[in-house]
Structure formats: C-alpha cells, structure tokens
Amino acid sequence: MLKRYLFKTIFSVFFVWCLGCGQGSHEVKDPRLMIAIDATFAPMSFLNEQRELDGFEVDLIKEVVKNAGFDYELVNVEWGGLFGGLITEKFDLVISSITILEERKNRMAFSIPYLQSGVAVLVRKDIENVDNLEQLAETNAMVGAQINTTSYYFLQKYAGIKIKTYEKFGHAIIDMANKGNDAVVGDSVQVNYYFNKNKELSQNARFLGSRMTSESYGIVLRKSDLELKRKIDASLTETLKNGTVQKLHDKWNLGEFAAVPMPE
Ligand code: ARG
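Numbering (the numbering used here), first residue to last: 609 to 872.
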C-alpha cells in the first residue's frame, strides 16, 4: 500500500516536473529580429501622425514575423542604407517594396514574392505630344527616379533620356512641380498614391500608359540565414494563402496597381 502510494507520488511529481520542462523548452524563443524599413514610401511604409511606422508593409511584416514565432523590432532606415546594413548585420530583415532581381540575388536572399507591382510614369501636362517613353527619349527629356531602383534601371534602357536621380521618391515629385524634371518614374503603387493625394500633381501631370513592367516584391535576408528564410517563407505562404495579405491590400487601397500572388 505504502509502496503504491510512494510510487504514485513520485510518478506525479515527475509528471508535473516534466510538464514544466515541456513548457520551459517552449518558452525558449527565437532571438529578436531587427527589421529595417524605409518609411518614405506611402502607402507601403511611412510615418503616421503619431510619428509611428505605418503602412501595408509595416502591417504585413508584423504578421509574418509574429506568425513565424519571432519577437521583433522595426527600425526606420533610408533607402540607401538598407542593403549595406543588412549585409553588415545591423538588422536581419528588410521590407521596403524591394523588387526581386537576379543581380540583387548575388548579394542577398529573397523570400517568396508577397506583391506584384511595376513601374509607372507621370509626365508634366505642359509637355505635349508625348505618349510613350520612346518619344520622351527622342526629345531628350529629363526624367526623375529614385537612385538604384528598378525605375532608375528602367530609364537606363532609353538612350536619349536624361536621368535625374533622387535619394527619395517624394523629392522627384516635388521637383516635377518646380519643373526641375519633365517626368517621373516610380513604383506604380507610390506613383498612384501621390497622384491621388496631391491635387497640384493630378492637375499638372498625367500618366504615360499604365504599369510598364512586371515586378515582384520580396522580403530581403542575408544569404547565410537559411533557417530564417525557411521560417519566413513558410509564414508568408500561410499569410498569403489565408487571405491576410489580400485583406491588407484592401485596407491600404492598393487597387489595380499591385496584385497579391498565390503561392503554389
Ligand atoms: N521596387 C523598387 C526597387 O526595388 C523601388 C523600391 C524603393 N523602395 C523604397 N522604400 N524606397 O528598386
């Protein structure tokens, strides 16, 4: 009888202790991820009136990392510092409407795509008889783009065009209002956002065609972080499949200027 009692007690103590172990090991979390984002790209990422990071990509990355089981911290880093800072381990992930490009893949890894976008062109209304990029090139127009972006690479294909580069996309738009350039190329979502938001711009500029390229945005990681990439891809796949990304697309009114891809 006593033996049995002892056995029971020892067993239950062990059992409870083991439960504890189980919980303990669950609590060992992955380390905190530092996420860099360029907050000058409304509606994808920007500082809201409370000076907090906000936008489609801010919402999205929070979902993806939380769903992957990570703690995180968001840092606002300008466009020019994103890739260098990732490689030198100042932060672990970058999300900033970054197009997945083969050349970029030499230095960095990309998640599966979370959005399809492309570049769009706005031209000043007082520039007449111009309906396409070829005509802008023929007239040696001055066209603005953010430096080292797909818009900038796109313009390099048109020999006659004089390219004026800017550190921030918004500066190209301001410069157009001052007639510092004849046209501006940017990611279609941002171009459309500025166009609709800024009355002066919509009065004085017009779209040259629609989306001119087909690009996919990905989250950027270090090439060596294979395990992290696996977890981010798995979480992103889930977030895409369960409709969360589409909901955010609706919330931020991305409209026809960007589409949500469906992973296999
Ligand atoms: N999609 C373009 C690219 O990858 C532009 C990205 C610019 N993003 C930004 N946050 N400023 O080149």
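Note that beta-carbon positions come from the ideal geometry of N, C-alpha and C, so glycine has one too. Quick caveat: nothing in here was measured; it's all calculated off a predicted structure.
message = Am I right that residue 791 and residue 732 are in contact with their C-beta atoms under 8 Å? What's the rounded C-beta distance?
response = Working through the sequence shown from its first residue, we reach residue 791 at position 183. Working through the sequence shown from its first residue, we reach residue 732 at position 124. Going by Cβ atoms, the distance from residue 791 to residue 732 rounds to 7 Å, so yes, they are a contact pair.
Complete beta strand (DSSP E) runs within the region 684-757 (minimum length 3 residues, chain order) = 723-725, 727-732 and 750-754
task = Grab the span of the alpha helix (DSSP H) containing residue 808 for me, first residue to last.
result = The sequence position of residue 808 within the sequence shown is 200, counting from 1. Its alpha helix (DSSP H) spans residues 807-812.
task = Would you tell me roughly how many angstroms separate the C-alpha atoms of residue 871 and residue 850, rounded to the nearest one?
result = What you label residue 871 is simply residue 263 of the sequence shown in a count that begins at 1. What you label residue 850 is simply residue 242 of the sequence shown in a count that begins at 1. If I take the Cα positions, the gap works out to 11 Å.
task = May I ask you to report which of helix, strand or coil DSSP gives residue 858?
result = Position 250 of the sequence shown, counted from the first residue, corresponds to residue 858. Of the three classes helix, strand and coil, the one that applies to residue 858 here is helix, per DSSP.
ask   = Buried or exposed: where does residue 838 fall if 16 or more other Cβ atoms within 10 Å of its Cβ makes it buried?
value = Along the sequence shown, one-based indexing puts residue 838 at 230. The residue is exposed, with fewer than 16 neighbouring Cβ atoms inside 10 Å.
task = May I ask whether a heavy atom of the ligand ARG can be found less than 8 Å away from the beta carbon of residue 754?
result = Start at 1 with the first residue of the sequence shown, and residue 754 comes out as number 146. Residue 754 Cβ: within cutoff of the ligand ARG.
query = Can you tell me where the beta strand (DSSP E) with residue 642 in it begins and where it stops?
reply = Numbered from 1 along the sequence shown, position 34 holds the residue referred to as residue 642. Here the beta strand (DSSP E) through residue 642 covers 641-645.
key: Any non-hydrogen atom of the ligand ARG closer than 8 Å to residue 655 Cβ   = Position 47 of the sequence shown, counting from 1, holds the residue named residue 655. For the ligand ARG, not one heavy atom lies less than 8 Å from the Cβ of residue 655.
Contacting residues, own chain, Cβ-Cβ under 6 Å from residue 741 (five flanking each side not counted) = Position 133 of the sequence shown, counted from the start, is the residue given in the question as residue 741. So the qualifying residues of the chain are 766.
Beta-carbon proximity check, residue 784 vs residue 752, cutoff 9 Å = Residue mapping note: residue 784 aligns to position 176 of the sequence shown, counting from 1. Residue mapping note: residue 752 aligns to position 144 of the sequence shown, counting from 1. Yes.
Buried/exposed call for residue 713, threshold 16 Cβ in 10 Å = Numbered from its first residue, the sequence shown carries residue 713 at position 105. So residue 713 counts as exposed.
inquiry  = My assumption, with CB atoms under 8 Å, is that residue 727 sits in contact with residue 796. Please give the rounded CB distance.
reply    = Numbered from its first residue, the sequence shown carries residue 727 at position 119. Numbered from its first residue, the sequence shown carries residue 796 at position 188. About 6 Å; that satisfies the 8 Å criterion.
inquiry  = So, for residue 745: in the same chain, excluding its five sequence neighbours on each side, which residues have a beta-carbon less than 6 Å away from its beta-carbon?
reply    = Taking the sequence shown and counting its residues from 1, one reaches residue 745 at position 137. Excluding sequence neighbours, residue 745 sits near 766, 768 and 769.
request  = Return yes when the C-beta of residue 841 is under 8 Å from any heavy atom of the ligand ARG, and no when it is not.
outcome  = On the sequence shown, residue 841 is found 233 positions in, with the first residue counted as 1. Not under cutoff, so the answer is no.
request  = Check the C-beta distance from residue 931 over to residue 764 and give it rounded, since I have them as a contact under 8 Å.
outcome  = In the structure as shown, the chain begins at 609 and stops at 872. Residue 931 is therefore absent and cannot be evaluated.
query = Looking at residue 766 and the ligand ARG, is the gap between the Cβ and the nearest heavy atom below 8 Å?
reply = For the purposes of this step, residue 766 is taken as the residue at position 158 of the sequence shown. Every heavy atom of the ligand ARG is 8 Å or more from the Cβ of residue 766, so no.
key: Candidates 789, 778 and 794: closest to residue 806 by CA position   = Taking the first residue of the sequence shown as position 1, residue 806 is located at position 198. Closest by alpha carbon: 778.
message = Give the list of continuous beta strand (DSSP E) stretches no shorter than 3 residues that lie fully inside the region 799-848.
response = 813-815 and 823-825
ask   = How is the alpha helix (DSSP H) around residue 868 delimited, first residue to last?
value = Indexing the sequence shown from 1 puts residue 868 at position 260. Here residue 868 belongs to no alpha helix (DSSP H), and DSSP marks it neither H nor E.
ask   = Near residue 857, what residues of its chain come up, given a Cβ to Cβ distance below 6 Å and the 5 sequence neighbours on each side ignored?
value = Numbered from its first residue, the sequence shown carries residue 857 at position 249. Taken in chain order, the residues that qualify are 868.
ask   = Can you tell which of 719, 848, 703 and 786 has the C-alpha that lies nearest to the C-alpha of residue 835?
value = For the purposes of this step, residue 835 is taken as residue 227 along the sequence shown, with counting starting at 1. When each option's Cα is compared against that of residue 835, the closest is 719.
Contact set for residue 812: own chain, Cβ-Cβ below 6 Å, skip 5 residues either direction = On the sequence shown, position 204 is the one that residue 812 refers to. Cβ within range, chain order: 733.
request  = Please indicate yes or no: does the CB of residue 777 lie closer than 8 Å to some heavy atom of the ligand ARG?
outcome  = The residue labelled residue 777 in the question sits at position 169 within the sequence shown. Yes; taking the cut-off as 8 Å, the Cβ of residue 777 has a heavy atom of the ligand ARG nearer than that.
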